[in-house]
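Undergrad:
Number of protein chains: 2
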Amino acid sequence: MKQREFSCPVPDAGLYRPCTLIRPDARILAACSVVGGKEKQGPLGDCFDFFNPGDRFGQDTWEKAESEMQRMAMAGVLGKAGLGADDVGVLFAGDLLNQCTGSAYGLLGYDVPYLGLYGACSTAAEGLLLAACFVGAGYARAAAAVTSSHNAAAERQFRTPLEYGGQRPGSGQWTVTGAGAFLVTRDDENGGACRPLARITAVMPGMTVDRGVTDANNMGAAMAPAAESTLCRYFAASGTCPADYDLIVTGDLGWEGGRILCDLMDTHTLRDGRSLSVRDKYNDCGMMIFSRNTQDTHSGGSGCGCSAVVLASYLLPRVQTGQIRRMLFMSTGALLSPDSVRQGQSIPGVAHLLCIESPKEGE
Amino acid sequence: MKQREFSCPVPDAGLYRPCTLIRPDARILAACSVVGGKEKQGPLGDCFDFFNPGDRFGQDTWEKAESEMQRMAMAGVLGKAGLGADDVGVLFAGDLLNQCTGSAYGLLGYDVPYLGLYGACSTAAEGLLLAACFVGAGYARAAAAVTSSHNAAAERQFRTPLEYGGQRPGSGQWTVTGAGAFLVTRDDENGGACRPLARITAVMPGMTVDRGVTDANNMGAAMAPAAESTLCRYFAASGTCPADYDLIVTGDLGWEGGRILCDLMDTHTLRDGRSLSVRDKYNDCGMMIFSRNTQDTHSGGSGCGCSAVVLASYLLPRVQTGQIRRMLFMSTGALLSPDSVRQGQSIPGVAHLLCIESPKEGE
Numbered sequence: 026m027k028q029r030e031f032s033c034p035v036p037d038a039g040l041y042r043p044c045t046l047i048r049p050d051a052r053i054l055a056a057c058s059v060v061g062g063k064e065k066q067g068p069l070g071d072c073f074d075f076f077n078p079g080d081r082f083g084q085d086t087w088e089k090a091e092s093e094m095q096r097m098a099m100a101g102v103l104g105k106a107g108l109g110a111d112d113v114g115v116l117f118a119g120d121l122l123n124q125c126t127g128s129a130y131g132l133l134g135y136d137v138p139y140l141g142l143y144g145a146c147s148t149a150a151e152g153l154l155l156a157a158c159f160v161g162a163g164y165a166r167a168a169a170a171v172t173s174s175h176n177a178a179a180e181r182q183f184r185t186p187l188e189y190g191g192q193r194p195g196s197g198q199w200t201v202t203g204a205g206a207f208l209v210t211r212d213d214e215n216g217g218a219c220r221p222l223a224r225i226t227a228v229m230p231g232m233t234v235d236r237g238v239t240d241a242n243n244m245g246a247a248m249a250p251a252a253e254s255t256l257c258r259y260f261a262a263s264g265t266c267p268a269d270y271d272l273i274v275t276g277d278l279g280w281e282g283g284r285i286l287c288d289l290m291d292t293h294t295l296r297d298g299r300s301l302s303v304r305d306k307y308n309d310c311g312m313m314i315f316s317r318n319t320q321d322t323h324s325g326g327s328g329c330g331c332s333a334v335v336l337a338s339y340l341l342p343r344v345q346t347g348q349i350r351r352m353l354f355m356s357t358g359a360l361l362s363p364d365s366v367r368q369g370q371s372i373p374g375v376a377h378l379l380c381i382e383s384p385k386e387g388e
Numbered sequence: 026m027k028q029r030e031f032s033c034p035v036p037d038a039g040l041y042r043p044c045t046l047i048r049p050d051a052r053i054l055a056a057c058s059v060v061g062g063k064e065k066q067g068p069l070g071d072c073f074d075f076f077n078p079g080d081r082f083g084q085d086t087w088e089k090a091e092s093e094m095q096r097m098a099m100a101g102v103l104g105k106a107g108l109g110a111d112d113v114g115v116l117f118a119g120d121l122l123n124q125c126t127g128s129a130y131g132l133l134g135y136d137v138p139y140l141g142l143y144g145a146c147s148t149a150a151e152g153l154l155l156a157a158c159f160v161g162a163g164y165a166r167a168a169a170a171v172t173s174s175h176n177a178a179a180e181r182q183f184r185t186p187l188e189y190g191g192q193r194p195g196s197g198q199w200t201v202t203g204a205g206a207f208l209v210t211r212d213d214e215n216g217g218a219c220r221p222l223a224r225i226t227a228v229m230p231g232m233t234v235d236r237g238v239t240d241a242n243n244m245g246a247a248m249a250p251a252a253e254s255t256l257c258r259y260f261a262a263s264g265t266c267p268a269d270y271d272l273i274v275t276g277d278l279g280w281e282g283g284r285i286l287c288d289l290m291d292t293h294t295l296r297d298g299r300s301l302s303v304r305d306k307y308n309d310c311g312m313m314i315f316s317r318n319t320q321d322t323h324s325g326g327s328g329c330g331c332s333a334v335v336l337a338s339y340l341l342p343r344v345q346t347g348q349i350r351r352m353l354f355m356s357t358g359a360l361l362s363p364d365s366v367r368q369g370q371s372i373p374g375v376a377h378l379l380c381i382e383s384p385k386e387g388e
């Protein structure tokens, strides 16, 4: 009964409470991914659009390198879609750096209305959710979502500088060096210059959940209950169950958090008895981006960039071709800061969900 | 020709480029403000809902005090509106602390879908803008926007701990200790339990603007060009001019930035010759919240909480009564971090705009 370590044996009935489920009319027109050297060497290495072996991207600080990745990702996605910055009505962006400077500086060159986000590693889904809602409501014809993380910048900000050579426990995760950018539209905004990658058919913003985990080297355990909360609410609200999806993928719970989420979901059923176990359909971007055997990243990848680049480079092309027809994509974030950990506070998590489906035939 | 110090003498024609102007159907149902001792002693002291003379709010750290202010503000606004957390479909929140922990921890007790923002001191307008867009599109019946800042937490994070007793130049601003919460609805969600404060009739997200200011003690100068950009684009897109409004109020440019904005706007006219000078209609929340003569805050108030508490406590009640019938409210944010300043980068600003009008008769 592994799950007893992390959850009560009787599932919390509140987890099925109806919640905000939005069905926007939106498509992901194009996506672009930029990664560092370690990500390029991983199992998905061939899928990424741009990479830089030394993670510096021609800049003299790690923080500026992160900004440069965002700039490149945005340039790349505009190029793929055949659109200019003028065509984009609003831009949602955020990252892990203090005061989200990766986004603010990286996207400064684009004259697009800018709404900054902070969702920790859930930012990719948060930005896509808001972009889908904006174009779905007709507020903008095209909206962009951009996010990033940089291993070296994150290490010195959240833990210790690389030069210190600190060791981490097996439950620790490796912040991905990467940036992802997405263009979301309602209609065929670019005159068919490219076929849309996917449709966003439902979105659900998550609630913050804190089950008392205080170990900042075990973010997976802190975030898994948030993913459980959003999944249960989504299945209850939509009337669907895991069997209705080809894939259920989380942002970056890693090997540790992914195992916990599967254990937690095993305890849940819908009122009509359908099981909510996700074990057969489950994967995690943090587990996919690095090789567990050869890359020594302990519990897998993490960071805003992790789910963004895996979605942009590996998942969406497979949704476009129909290899994955319908999936749930859920980025998960741990809303801690180094100060909150030092002050003894436990770690709240949040998980935002998107239902992503293949484009209709003829699109 | 004071404005030549900060802007080119020929106005940038790009500033009138059409931009995302959204006209949501949304009302501010209720608002609540929580402040510290210095704010209570200021000119608006009698207007605030809650205050704590020692700024500690019963907590043992400044960061926890900031979270507690957000919790109180959210509780207060729900109480005023006669709604429960269950009635709120989505919550937009953010603050100045690293990783926005003021919001994440402060609002953890409310089971409401949580979308975290980072817009620096523009967060109040950013949250209200998104809330108005969400309820306007029918995605939620009620949406909340919450933000905060705490002087002592901000000082030790961005500058030096209070105990250090550092001096600041005259252009420096004083981070407000305060939190504001707003409930936005489309229709009469609470069965008339309270009369709405105002209607949000137009919103415009701003672009990031960087004119090369590198002095982190002169945020007003860094943010004024962003306010200029958003104002010019709004007037061009809406076809209105400053004469059409009773008040044009910025978030927290302070005395220094407010003067610069007025100088910049003096250089602009619409194509039909109407002047865009805002001098006669202008005020700034950072100028309003503290007494310039007696409170020694140099260039005035700043921080996410500044525009939030002035709007919640002073401005909206006057919009409700019709004393102010139609105003432009624009929170301004400086998107720097201590690291970006240390790495020699200049300071981008952003300003988001709301057009706020009195409720219709009978509402």
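As you go down the protein sequences, you meet chains A and B in turn. For the first sequence, the positions run 26 to 388 when our numbering is used. For the second sequence, the positions run 26 to 388 when our numbering is used. For every residue, glycine included, the Cβ atom is placed at its ideal position computed from N, Cα and C. What you are looking at is a predicted structure, and each value in this text was computed from that prediction instead of being measured.
Run through chain B and tell me which residues come within less than 7 Å of Val375(A), C-beta to C-beta.
TA: Residue numbering aside, residue 375(A) sits at position 350 when the first sequence is read from its first letter. Near Val375(A) (Cβ distances below 7 Å), the residues of chain B are Tyr139.
Undergrad: Chain B partners of Met244(A), CB-CB under 8 Å?
TA: Counting from 1 along the first sequence, the entry for residue 244(A) is found at position 219. By Cβ distance, chain B contributes nothing, its closest Cβ being about 13 Å from Met244(A), past 8 Å.
Undergrad: Taking all protein chains shown into account, decide if Gln198(A) is buried (16 or more other Cβ within 10 angstroms of its Cβ) or exposed.
TA: Taking the first residue of the first sequence as 1, we reach residue 198(A) at position 173. Under this definition Gln198(A) is a buried residue.
Undergrad: Under a Cβ-count criterion, where at least 16 other Cβ atoms within 10 Å of its own Cβ denotes burial, should Gly131(B) be classed as buried or exposed?
TA: Start at 1 with the first residue of the second sequence, and residue 131(B) comes out as number 106. Flag for Gly131(B) reads buried.
Undergrad: Can you list, in chain order, the residues of its chain with a C-beta nearer than 6 Å to that of Val334(A)? Leave out the 5 residues immediately preceding and following it.
TA: Looking up residue 334(A) in the first sequence gives position 309. For Val334(A), where only same-chain residues beyond five positions count, the Cβ hits under 6 Å are Ser58, Val60, Gly203 and Gly205.
Undergrad: How big is the Cα-Cα spacing for Trp87(A) and Tyr143(B)?
TA: Along the first sequence, read from residue 1 onward, the residue named residue 87(A) stands at position 62. Along the second sequence, read from residue 1 onward, the residue named residue 143(B) stands at position 118. Cα to Cα, the separation comes out at about 21 Å.
Undergrad: Would you tell me roughly how many angstroms separate the C-alpha atoms of Gln368(A) and Ala56(B), rounded to the nearest one?
TA: By one-based count along the first sequence, residue 368(A) stands at place 343. By one-based count along the second sequence, residue 56(B) stands at place 31. Answer to the nearest angstrom: the Cα atoms are 31 Å apart.
Undergrad: Distance check for Thr210(A) and Glu390(A), CA to CA, integer angstroms please.
TA: No answer is possible for residue 390(A): the residues shown for chain A start at 26 and end at 388.
Undergrad: Taking Val238(B) as the reference, give the member of Ala145(B), Ala100(B) and Ala249(B) with the closest Cα.
TA: Looking up residue 238(B) in the second sequence gives position 213. Taking only the C-alpha atoms, the option nearest Val238(B) is Ala249(B).
Undergrad: Could you tell me whether the region 229-238 of chain B touches the region 325-341 of chain B, where touching means 3 or more Cβ pairs closer than 8 Å?
TA: Output reads no: the region 325-341 of chain B does not touch the region 229-238 of chain B.
Undergrad: Counting only Cβ-Cβ distances shorter than 8 Å, please list the residues of the region 80-109 of chain A near chain B, keeping chain order.
TA: Per Cβ criterion, the list reads Thr86, Glu88 and Lys89.
Undergrad: Residues of chain A with a CB under 8 Å from the CB of Pro230(B): which are they?
TA: Your numbering for residue 230(B) matches position 205 in the second sequence. Result: Val115, Pro138, Tyr139 and Leu140.
Undergrad: Would you check if the region 184-192 of chain B and the region 343-351 of chain B touch, i.e. whether three or more CB-CB distances between them fall below 8 Å?
TA: No, because fewer than three Cβ pairs between the region 343-351 of chain B and the region 184-192 of chain B fall closer than 8 Å, the two stretches do not touch.
Undergrad: Between the alpha carbons of Cys72(A) and Arg284(A), how many angstroms are there, rounded?
TA: Looking up residue 72(A) in the first sequence gives position 47. Looking up residue 284(A) in the first sequence gives position 259. Rounded to the nearest angstrom, the two C-alpha atoms are 26 Å apart.
Undergrad: Return the Cβ separation of Thr172(B) and Asp120(B) in integer angstroms, given the expectation that the two are a contact with Cβ distance under 8 Å.
TA: Residue mapping note: residue 172(B) aligns to position 147 of the second sequence, counting from 1. Residue mapping note: residue 120(B) aligns to position 95 of the second sequence, counting from 1. That belief holds up - the Cβ atoms of Thr172(B) and Asp120(B) are roughly 6 Å apart, short of 8 Å.
Undergrad: What does Ile47(B) touch in chain A if you count any residue whose Cβ is under 8 Å from its own?
TA: Taking the first residue of the second sequence as 1, we reach residue 47(B) at position 22. Near Ile47(B) (Cβ distances below 8 Å), the residues of chain A are Tyr164.
Undergrad: Looking at C-alpha atoms only, which residue of Leu379(A), Leu340(A), Val115(A) and Phe76(A) is the closest neighbour of Pro43(B)?
TA: Locating residue 43(B) in the second sequence gives position 18, counting from the first residue. The candidate whose alpha carbon is nearest that of Pro43(B) is Val115(A).
Undergrad: Does the beta-carbon of Gly161(B) have 16 or more other beta-carbons within 10 angstroms, so that it is buried, or is it exposed?
TA: Here residue 161(B) is taken as the residue at index 136 of the second sequence, counted from 1. Gly161(B) should be labelled buried.
Undergrad: Phe159(A) CB to nearest chain B CB: under 8 Å?
TA: Here residue 159(A) corresponds to residue number 134 of the first sequence, with the count starting at 1. For Phe159(A), the answer is yes, since a Cβ of chain B falls inside 8 Å of its Cβ.
Undergrad: For Gly119(A), which residues in chain B fall below 7 Å Cβ to Cβ?
TA: Residue numbering aside, residue 119(A) sits at position 94 when the first sequence is read from its first letter. The contacting residues are Tyr143.
Undergrad: Quick check: the Cα distance between Pro194(B) and Leu155(B), rounded to an integer number of angstroms?
TA: Position 169 of the second sequence holds residue 194(B). Position 130 of the second sequence holds residue 155(B). Using only the alpha carbons, I get a separation of about 35 Å.
Undergrad: Name the chain B residues whose beta carbon is nearer than 8 Å to that of Thr233(A)?
TA: If you number the first sequence from 1, residue 233(A) lands on position 208. Here the neighbours are Ala129, Leu132, Leu133 and Tyr139.
Undergrad: So who's on the other strand from Ile314(B), going by DSSP bridges?
TA: For this step, residue 314(B) is matched to residue 289 along the second sequence. Per DSSP, none; premise fails for Ile314(B).
Undergrad: Can you tell me the Cα-Cα spacing of Pro373(A) and Ser302(B), whole angstroms?
TA: Against the first sequence, residue 373(A) aligns to sequence position 348. Against the second sequence, residue 302(B) aligns to sequence position 277. Roughly 47 Å between the two C-alpha positions.
Undergrad: In the DSSP assignment, find the unbroken alpha helix (DSSP H) run with Ser254(A) in it and report its ends.
TA: Here the question's residue 254(A) lines up with position 229 in the first sequence. First-last of the alpha helix (DSSP H) with Ser254(A): Met244 to Ser263.
Undergrad: Could you check how far apart the C-beta atoms of Ala179(A) and Gly328(A) are, in whole angstroms? I think they sit under 8 Å.
TA: Your numbering for residue 179(A) matches position 154 in the first sequence. Your numbering for residue 328(A) matches position 303 in the first sequence. That belief holds up - the Cβ atoms of Ala179(A) and Gly328(A) are roughly 6 Å apart, short of 8 Å.
Undergrad: Among Pro68(A), Asn308(A), Ser174(A) and Gly79(A), which one has its Cα closest to the Cα of Glu349(A)?
TA: Within the first sequence, numbered from 1, the residue matching residue 349(A) stands at position 324. Note on residue identity: the sequence assigns Ile, not Glu, to residue 349(A). Residue Asn308(A) is the option with its Cα nearest to Ile349(A).
Undergrad: With DSSP collapsed to three states, give me the class of Glu91(B).
TA: Taking the first residue of the second sequence as position 1, residue 91(B) is located at position 66. Note: Glu91(B) maps to helix in three-state DSSP.
Undergrad: What residues of chain B sit near Asn123(A), judged by a beta carbon separation below 8 Å?
TA: Here residue 123(A) corresponds to residue number 98 of the first sequence, with the count starting at 1. What Asn123(A) touches in chain B: Asn123, Gln124, Ser362, Pro363 and Asp364.
Undergrad: Could you spell out the range, first to last residue, of the beta strand (DSSP E) harbouring Ile349(B)?
TA: Position 324 of the second sequence, counting from 1, holds the residue named residue 349(B). First-last for Ile349(B): undefined, no H or E at that position.
Undergrad: Which class does Met26(B) belong to by DSSP, given the choice of helix, strand or coil?
TA: Locating residue 26(B) in the second sequence gives position 1, where the first residue counts as 1. Residue placement at Met26(B) cannot be trusted, given a pLDDT of 35 that sits under 50; what the coordinates show is reported in the next sentence. Note: Met26(B) maps to coil in three-state DSSP.
Undergrad: Among residues of its own chain, excluding the 5 on either side of Ser300(A), which ones have a beta-carbon nearer than 6 Å to its beta-carbon?
TA: To locate residue 300(A), count along the first sequence from 1; it is residue 275. Same-chain partners within the cutoff: Thr294.
Undergrad: Identify every run of the beta strand (DSSP E) within the region 75-162 of chain A, keeping only runs that are complete inside it and at least 3 residues long; order them along the chain.
TA: Here the runs fully enclosed are 75-77, 115-120 and 139-141.
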